[in-house]
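Listed in order, the protein sequences are those of chains A and B.
The numbering used here puts the first residue of the first sequence at 1, with every later residue one more than the last.
The numbering used here puts the first residue of the second sequence at 340, with every later residue one more than the last.
Note that CB positions come from ideal geometry on N, CA and C, so glycine has one too.
Structure first, commentary second.
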Amino acid sequence: MQHPTWTRPLLALPFLLAGCAGWPSALDPKGPTAADLAWLIQLFTVLLGVIWLLVVLAVGLVVFRRRWTAAAMPMPKAVHPSEERRPTVIVMALVVATCITVLVLTGLSFAGQQRLFGVDEPAVTIQVTGHQWWWEVRYQDGDPSRVFTTANEIHVPVGLSIRLVLESDDVIHSFWVPNLAGKQDLVPGQQNQLGFTVTEPGIYRGQCAEFCGLQHAHMGIIVVAESEPAFRAWQEAQIRPGKLPETAEQRQGMQVFLSHACVMCHAVRGTPAGGRTGPDLTHVGSRRHLAAATLPLTRGSLAAWIADPHGIKPGVNMPIVPLASDELNSLAAYLEGLK
Amino acid sequence: MSEGTASAAELRDTDLDGPELRARLARTWGTGQGLIARLSTVDHKVIGKRYIVTTFVFLFLGGLLAVAMRLQLARPESDLIGPDLYNQIFTMHGSTMMFLFAVPVMEAMAIYLVPLMVGTRNIAFPRLNAFSYWIFLFGGSFLWIAFVLNTGPDVGWFAYVPLSGPEFGPGKRADVWAQMITFTEVSAILVAIEIITTVFKQRAPGMSLDRIPIFVWAMLVVSFVVLFSMPAVMVASTSLILDRLVGTHFFNPAEGGDALLWQHLFWFFGHPEVYIIFLPGTGMVAEIVTTFSRRPVFGYLALVLSLIAVGFLSFGLWVHHMFVAGVPQLGASFFTASSMLIAIPNGVQIFCWITTLATGRVVVRTPLLFVLGFFVIFVLGGMTGVMVASVPIDTQVHDTYFVVAHFHYVLIGGAVFPLLGAVYYWFPKITGRMMSERLGRWHFWLAFIGFNLAFFPMHVLGLRGMPRRVYTYGPELGWTDLNLLVSAGSLVLATSFGLFAWNVVRSSRSGDPAGPNPWGAGTLEWATTSPPQPHNFDRIPAVISREPLWTPRDSLPVVTGLSVENRELVVSTLTDARPELRESSPEPSIWPFITAIATTITFVSSIFTPWAAVWGSALIAVCVIGWFWPKGSKEDEE
């Protein structure tokens with residue numbers, strides 16, 4: 001009865017090892033940092049894999065050749081020191097080889113570390129603050145009027161050096177987008193940094209890697225890498241205050257938003273809503289996902305999320321705000337319109 | 340032994356022989372019938388068996404939790420288990436396996452085996468030994484009762500602050516975890532003290548340092564590592580309870596505390612912990628390889644020095660758990676170097692064992708099969724260990740399923756496979772019956788295949804971006820098929836343990852009688868009956884070589900002169916094991932049990948009120964006074 005389920009993964013195995021375009025993978029690097037790491041991982045895997053294979057072969061060969069097949073246990077052998085001389089030399093040689101291997105690998109690792117954490121003047125500095133269970137993203141700028149806040153979706157220009165400044169508002173989180181760079185923890189009371197460059201435009205997914213409570217599994221992050229002009233255009237759009245509602249339904253939705261508990265936690269720039277506890281919603285409609293890469297952003301998913309966030313992310317801090325169905329629909333329409 | 344001090348009235352083993360000597364010694368050292376007598380026993384074999392059975396019960400419980408997790412993760416967005424329960428389950432799985440199975444099972448094996456292997460009649464401080472078992476039993480039960488009552492810890496087995504702190508971990512869940520640590524650490528440290536003393540002072544005459552069996556050496560090193568590492572986690576868990584209960588701010592950055600302090604304290608214990616689990620495994624491997632290669636182990640000195648080197652180095656690795664937490668880069672590279680360095684002594688051990696096999700006559704029985712499985716699995720885990728020791732590689736694989744795969748390869752390969760081999764190896768000694776070889780082979784192959792099916796694909800999942808400790812994942816991430824494979828493998832592995840349990844139950848009832856030395860092994864535990872008499876040896880053996888039973892002679896030389904009527908054992912010098920004096924060994928007592936109850940009341944109450952530490956101390960003091968009350972017996976006067 002289990003036939004299809006049993007065989008499916010086995011048949012798919014070679015394909016799975018290679019990975020697939022669009023899936024997160026440390027071995028499918030999209031920037032020099034990740035490429036460096038992928039190369040190091042592959043190098044170590046091959047070197048260590050060969051050593052492992054040799055050990056296993058040695059054990060197999062030894063057992064096969066020295067096997068005692070008679071039913072009774074043979075008498076224990078007395079060993080003369082002279083017999084041990086040759087094996088001793090072999091073992092010594094192996095130990096020396098181990099020492100050299102360890103030395104080489106340590107050197108490779110150290111060189112990789114130097115490249116990884118080398119200081120590089122960033123073109124874009126983004127402050128990422130971890131929250132249970134979403135990411136606050138703040139684009140720094142010398143000009144305070146050009147600083148803006150968004151959530152769960154980071155846009156970066158291709159080819160430029162990016163620096164993330166990582167902080168946490170509550171517990172420890174860890175920022176990890178495997179195709180772009182290794183991870184770095186967000187530790188309360190401390191500021192960590194992560195630098196990387198993306199070479200290929202695309203949408204890369206990552207998620208929190210340090211256990212952070214009930215919805216650790218649903219703390220995804222999206223990095224959108226685009227050409228520099230596209231990035232600048234996006235940046236300008238994000239700096240602008242929230243779009244005013246255009247349709248009657250959206251106008252009603254805005255009223256619902258401003259007259260309910262939403263404003264206690266959420267901000268929409270250009271309106272009186274200035275809550276800082278939850279994600280900034282000024283341009284929520286322009287994002288690809290909702291609830292930290294948990295749902296694709298559509299009007300339907302917005303309504304579903306507002307109606308019952310706990311059904312989608314049990315334990316999430318967002319409360320259920322009781323709304324009539326027309327209020328809910330208009331609110332979703334308003335939020336979707338915040339492009 | 341000197342005859343001059345022996346009182347004329349006291350019967351000594353020079354006066355008797357044969358069955359009568361055995362019967363009288365058994366009466367002196369035996370555990371009586373009845374509930375009170377059973378609770379009062381101080382026989383290391385009785386306590387050791389209880390310890391071993393208890394830890395295996397925890398292994399099976401922890402294994403069931405693993406199966407539950409794998410059922411949940413078998414398909415994406417499964418709603419079999421919700422996040423709240425899942426977080427409790429993985430925390431319970433890790434805590435149970437590390438604190439209630441892996442460490443105590445190794446100490447339990449040592450409690451049973453070390454006194455036999457060094458040729459003495461009981462462990463040092465036998466009442467403390469009884470106390471440590473009760474504390475362990477009560478602490479483990481406390482954790483599991485809390486879990487059943489939906490108060491199981493849900494913060495991971497390393498309980499990082501601030502998630503486990505007062506602000507983000509409401510209720511009593513994290514307190515239960517922290518106090519369970521206190522229970523198990525107390526019991527582990529006590530056993531470490533007993534083993535060190537037994538090995539240092541109670542070895543059979545002639546068992547100089549270079550004649551100690553490798554397993555005993557391993558347990559000696561482990562006991563020292565326990566002694567120096569466990570206090571760190573007790574400090575950590577106590578500070579956590581203080582933060583939670585009385586409002587201190589050890590780990591609260593807002594008030595000048597430090598979240599990373601927890602990680603330093605925890606991993607200063609946590610990394611040696613890995614070697615506390617693994618080194619006994621290497622000791623078991625050494626014994627099994629020796630017996631089934633039919634020759635003395637190759638490179639005895641190198642093996643012992645490697646054990647000691649690993650013991651020391653294990654304290655210099657802890658920061659490799661924190662490479663991505665924002666520690667200074669120079670410090671991180673130091674810990675890369677030290678983490679890779681530990682591969683050298685481990686390599687030395689592997690080479691010595693392979694050489695032993697290569698120059699011996701290899702008899703393949705179930706215990707050796709598990710050791711061969713150990714080579715394949717553990718060495719692979721060691722290789723991925725070298726990878727995670729590298730800072731740059733670790734930034735990708737840290738906290739992912741790659742690491743989950745790595746430490747299961749190391750811990751199951753390095754400790755559980757040798758342990759299972761050791762169970763097959765020493766089961767005849769403990770029960771007097773052989774385990775079924777046929778079932779044993781089935782068990783091995785199912786376990787080997789199931790293990791690799793369950794854990795190898797995790798390497799790939801980790802590199803493909805799957806973090807640890809997620810209760811579910813989306814279908815769009817490409818992790819679905821491999822997770823299904825892993826879950827299928829976990830069921831095979833679980834089945835193999837079912838087979839193992841069946842083999843144990845069946846063989847203990849109707850296995851072939853074993854005789855004293857079924858494997859033709861060379862160490863002292865095989866010199867006595869199976870199962871051993873309450874007094875272990877009718878006469879204390881005198882040791883003239885590393886494998887006393889392999890020395891070609893008619894009978895084992897012995898020392899005589901010990902009392903038959905009172906519990907007496909030989910105390911010998913530390914290096915050469917020259918007999919120094921006859922020392923009385925404590926009689927059974929109910930006080931360790933009562934003291935353990937008092938301690939349990941104190942520990943459990945103190946998570947509800949800090950005042951329990953005050954009145955609880957008085958309660959414990961009363962019990963300890965009872966424990967040490969002078970009875971005016973000969974034992975006290977000496």
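* Which one of A527/B, A840/B and T629/B has the shortest CA to CA distance from A78/A? -> Numbered from its first residue, the first sequence carries residue 78/A at position 78. It is T629/B whose Cα lies nearest to the Cα of A78/A.
* What residues from the stretch 946-969 of chain B come within 9 Å of chain A, judged by C-beta to C-beta, listed N to C? -> none
* **Residue range of the beta strand (DSSP E) that includes S923/B** => Reading the second sequence from its first residue, position 584 is the one you call residue 923/B. S923/B -> beta strand (DSSP E) spans P918 to S923.
* Does R808/B have its Cβ less than 7 Å from a Cβ in chain A? -> Numbered from its first residue, the second sequence carries residue 808/B at position 469. It does; some Cβ of chain A falls within 7 Å.
* Along the alpha helix (DSSP H) that carries W781/B, what are the first and last residues, could you check? => Position 442 of the second sequence, counted from the start, is the residue given in the question as residue 781/B. Note, W781/B: alpha helix (DSSP H), E776 to L802.
* State the Cα-Cα distance for the pair Y425/B and P492/B, rounded to the nearest angstrom. => Indexing the second sequence from 1 puts residue 425/B at position 86. Indexing the second sequence from 1 puts residue 492/B at position 153. Spanning the two alpha carbons is a distance of roughly 11 Å.
* Over what stretch of residues does the beta strand (DSSP E) that includes W68/A continue unbroken? -> Within the first sequence, the letter at position 68 stands for residue 68/A. W68/A -> no beta strand (DSSP E), and no H or E assigned at all.
* Asked: By Cβ distance, which residues of its chain are closer than 7 Å to T914/B, with the 5 residues on each side in sequence left out?
  -> In the second sequence, residue 914/B corresponds to position 575, counting from 1. S547 and L548, listed in sequence order.
* Could you tell me if A960/B is buried or exposed, where buried requires 16 or more neighbouring beta carbons within 10 angstroms of its beta carbon? => Your numbering for residue 960/B matches position 621 in the second sequence. When all chains shown are included, A960/B counts as exposed.
* Asked: Of all Cβ atoms in chain B, is any one closer than 7 Å to the Cβ of G189/A?
  -> What you label residue 189/A is simply residue 189 of the first sequence in a count that begins at 1. Cβ-Cβ to chain B under 7 Å: yes for G189/A.
* To do: Tell me the start and end of each unbroken alpha helix (DSSP H) in the stretch 281-318 of chain A that is at least 4 residues and wholly inside, in chain order.
  => 299-307 and 309-312
* Asked: Can a CB atom of chain A be found closer than 7 Å to the CB of F481/B?
  -> Working through the second sequence from its first residue, we reach residue 481/B at position 142. So, not an interface residue.
* Cβ neighbours of H3/A in the same chain (closer than 7 Å, five flanking residues each side left out) -> The residue given as residue 3/A occupies position 3 in the first sequence. Note on H3/A: pLDDT 41, under 50, position unreliable in the model; the coordinate value appears next. Within the same chain, H3/A has no close Cβ partners at all.
* Asked: Excluding sequence positions up to five away, which residues of its chain have a Cβ less than 7 Å from the Cβ of V62/A?
  -> If you number the first sequence from 1, residue 62/A lands on position 62. Answer for V62/A: no residue qualifies.
* What residues from the stretch 846-864 of chain B come within 8 Å of chain A, judged by C-beta to C-beta, listed N to C? -> W858, G859 and G861
* Asked: Does the beta carbon of W889/B come closer than 7 Å to any beta carbon on chain A?
  -> To locate residue 889/B, count along the second sequence from 1; it is residue 550. Answer yes: the Cβ-Cβ gap between W889/B and chain A drops below 7 Å somewhere.
* Of all Cβ atoms in chain A, is any one closer than 7 Å to the Cβ of F399/B? -> Numbered from its first residue, the second sequence carries residue 399/B at position 60. No, no contact with chain A.
* Contact set between the stretch 289-322 of chain A and chain B, restricted to residues whose Cβ is under 7 Å from the partner -> P314 and G315
* Out of H383/B, H747/B and P814/B, which has the shortest C-alpha to C-alpha gap to G433/B? -> Here residue 433/B refers to the residue found at position 94 when the second sequence is read from its first residue. Of H383/B, H747/B and P814/B, the residue nearest in Cα terms is H747/B.
* To do: Assign G854/B to buried or exposed, taking buried as 16 or more other Cβ atoms, counted over all protein chains shown, within 10 Å of its Cβ.
  => Position 515 of the second sequence holds residue 854/B. G854/B should be labelled exposed.
* To do: Can you say whether E533/B is buried or exposed, counting buried as having 16 or more other CB atoms within 10 angstroms of its CB?
  => One-based indexing of the second sequence puts residue 533/B at position 194. Buried: at least 16 other Cβ atoms inside 10 Å.
* Using three-state DSSP, classify S25/A as helix, strand or coil. => Sequence index remark: in the first sequence, residue 25/A carries index 25 (1-based). Residue state, collapsed to three classes: coil.
* Asked: What residues in the stretch 680-705 of chain B bring their beta carbon closer than 7 Å to a beta carbon of chain A?
  -> L680, A682, I683, G686, V687, I689, F690, C691, I693, T694, L696, A697, T698, G699, R700, V701, V702 and V703
* Using a Cβ cut-off of 8 Å, pull out every chain A residue sitting near M722/B, in sequence order please. => Counting from one through the second sequence, the residue named residue 722/B turns up at place 383. Simply L48, G49, I51 and W52.
* Taking only the alpha-carbon atoms, compute the straight-line gap between M773/B and R583/B and give it to the nearest angstrom. => Working through the second sequence from its first residue, we reach residue 773/B at position 434. Working through the second sequence from its first residue, we reach residue 583/B at position 244. C-alpha separation (whole angstroms): 51 Å.
* Asked: DSSP puts D185/A in a beta bridge; with which residues?
  -> Counting from one through the first sequence, the residue named residue 185/A turns up at place 185. For D185/A, which the question treats as bridged, DSSP gives the partners S174/A.
* **DSSP three-state assignment for R968/B, whether helix, strand or coil** => To locate residue 968/B, count along the second sequence from 1; it is residue 629. For clarity, residue 968/B is Trp in the given sequence; the question names Arg instead. Looking at W968/B - three-state DSSP - the assignment turns out to be coil, as it is neither helix nor strand.
* Looking only at its own chain, which residues have a Cβ that is under 7 Å from the Cβ of T150/A, when we skip the five neighbours before and after it? -> On the first sequence, residue 150/A is found 150 positions in, with the first residue counted as 1. Closer than 7 Å at the Cβ level, and outside the excluded window around T150/A, lie V137, Q238, D280 and H283.
* To do: Within 10 angstroms of the Cβ of H310/A, are there 16 or more other Cβ atoms? Answer buried if so, exposed if not.
  => If you number the first sequence from 1, residue 310/A lands on position 310. The residue in question, H310/A, is exposed, as its Cβ has fewer than 16 Cβ neighbours within 10 Å.
* **Same chain, Cβ closer than 7 Å to F794/B, five either side skipped, listed in chain order** => Within the second sequence, numbered from 1, the residue matching residue 794/B stands at position 455. Once the five neighbours on either side are set aside, the close Cβ partners of F794/B are A744, H747 and Y748.
* **contact_flag[the stretch 180-197 of chain A, the stretch 254-267 of chain A] where n(CB pairs < 8 Å) is 3 or more** => no
* When A593/B, H588/B, F607/B and G596/B are compared against V564/B, the one with the closest alpha-carbon -> On the second sequence, residue 564/B is found 225 positions in, with the first residue counted as 1. Ranking A593/B, H588/B, F607/B and G596/B by Cα distance to V564/B puts F607/B first.
* P24/A: contacting residues in chain B (beta-carbon distance under 7 Å) -> The residue given as residue 24/A occupies position 24 in the first sequence. Neighbours of P24/A on chain B, chain order: R803, G804 and L816.
* **Cut-off 7 Å between Cβ atoms - residues of its own chain near A356/B, not counting five sequence neighbours on either side** => Here residue 356/B refers to the residue found at position 17 of the second sequence. For the sequence presented, residue 356/B should be read as Asp rather than Ala. Answer for D356/B: no residue qualifies.
* To do: Under the assumption that L194/A contacts A181/A (Cβ atoms under 8 Å), give the Cβ distance between them as a whole number of angstroms.
  => Locating residue 194/A in the first sequence gives position 194, counting from the first residue. Locating residue 181/A in the first sequence gives position 181, counting from the first residue. Right, the Cβ-Cβ distance comes to about 6 Å (below 8 Å), so this counts as a contact.
* Within 10 angstroms of the Cβ of I320/A, are there 16 or more other Cβ atoms? Answer buried if so, exposed if not. => For the purposes of this step, residue 320/A is taken as the residue at position 320 of the first sequence. That one is exposed.
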